[in-house]
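Enquirer: Numbering (our numbering), first residue to last: 505 to 638. Cβ coordinates follow ideal geometry from the N, Cα and C atoms, glycine included.
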Ligand SMILES: C[S@@+](CC[C@H](N)C(=O)[O-])C[C@H]1O[C@@H](n2cnc3c(N)ncnc32)[C@H](O)[C@@H]1O
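1. Within its chain, find whatever has a CB closer than 8 Å to the CB of residue 610; leave out the 5 residues flanking it on each side and keep chain order.
2. What residue from 586, 533, 530, 545 has the CA that sits closest to residue 554's CA?
3. Would you say the region 514-531 touches the region 577-586, given that touching needs at least three Cβ pairs under 8 Å?
4. Could you tell me how far apart the beta carbons of residue 560 and residue 622 are, in whole angstroms, since I believe they sit closer than 8 Å?
5. Measuring alpha carbon to alpha carbon, tell me which residue in 516, 624, 580 is nearest residue 604.
6. Anyone know if the C-beta pair for residue 571 and residue 536 falls short of 8 Å?
7. Kindly indicate which three-state DSSP category residue 516 falls into: helix, strand or coil?
8. Which residue marks the beginning of the beta strand (DSSP E) containing residue 568, and which one marks its end?
9. Could you tell me which residues DSSP pairs with residue 558 in its beta bridges?
10. Could you tell me if residue 558 is buried or exposed, where buried requires 16 or more neighbouring beta carbons within 10 angstroms of its beta carbon?
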């Protein structure tokens, strides 16, 4: 587990890139669609209205697509600037999600969720059949 000072430097790193985070993807919308499709089809089938906890949501690129697909999303990120960017993104789209600045090492909730999503960039884009990976 990262030390407190490593966590602080993670926050500085992600705060600094928050405003342009999604632009590091060549096609951000395709990435978001792909993540939603993975969530909806991988494992138990999820229908609109299902509750999703998204860990490390960054600037809300996928959060927005999940909300657009009808999921009730709680999204968590360590970086306040990422959560701020996610708030702006969701507001622009006229969508709702619960957005929280929190460290997943300490995050506690009494809520239950139908699915938990923790995507780290686009690793599963390289798999032609991600559901067979695990
Ligand atoms: C590589 S980005 C991935 C973001 C997004 N899920 C994606 O796939 O593009 C990692 C994100 O996780 C967040 N993060 C890192 N450590 C965290 C922690 N301990 N708790 C919550 N979020 C964390 C960072 O602030 C950053 O926004």
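Expert: In short, the structure shows the following:
1. none
2. 545
3. yes
4. 6 Å
5. 580
6. no
7. helix
8. Element bounds for residue 568: not the beta strand (DSSP E) but the alpha helix (DSSP H), 565-572.
9. 579, 621
10. buried
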